[in-house]
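Peer 1: Going by this note's numbering, the residue at position 69 of the sequence shown is 1086; the numbering climbs one at a time, nothing skipped.
For each residue, glycine too, the CB sits at the ideal point set by N, CA and C.
Keep in mind it's a predicted model, so treat the numbers as computed, not measured.
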Amino acid sequence: MIWIVLIMAAGVVRFEYPKLLRGGQLKELALSACLLIIGVTLTFLQSFHVQLPNPLDWLTVIYKPMSRAVLSTLK
């Protein structure tokens, strides 16, 4: 799976990035490069079974006190 991701990322760099450079779209190129690096990094970490944080856990931490307050008010 790692090789497939690397080949696809290399394909994106090979075929899309020169178009962005010729078009003078440097901001789009920078954003695309950042997203590609983040995506490849997360794919590597997941393939090596590294425990990644779940975004829903953050929402639970944020909304848990509010839900307790609402439930205590309704009791």
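Scan the stretch 1053 to 1079 and note each continuous beta strand (DSSP E) run of 3 residues or more that stays entirely inside, going in chain order.
Peer 2: The stretch 1053 to 1079 contains no whole beta strand (DSSP E) run of 3 or more residues.
Peer 1: With DSSP run on the structure shown, which of helix, strand or coil describes Met1018?
Peer 2: DSSP places Met1018 in coil when its eight states are reduced to three.
Peer 1: Would DSSP call Lys1044 helix, strand or coil?
Peer 2: Correct three-state label for Lys1044: helix.
Peer 1: Taking only the alpha-carbon atoms, compute the straight-line gap between Leu1023 and Arg1085 and give it to the nearest angstrom.
Peer 2: The alpha-carbon atoms of Leu1023 and Arg1085 are separated by roughly 46 Å.
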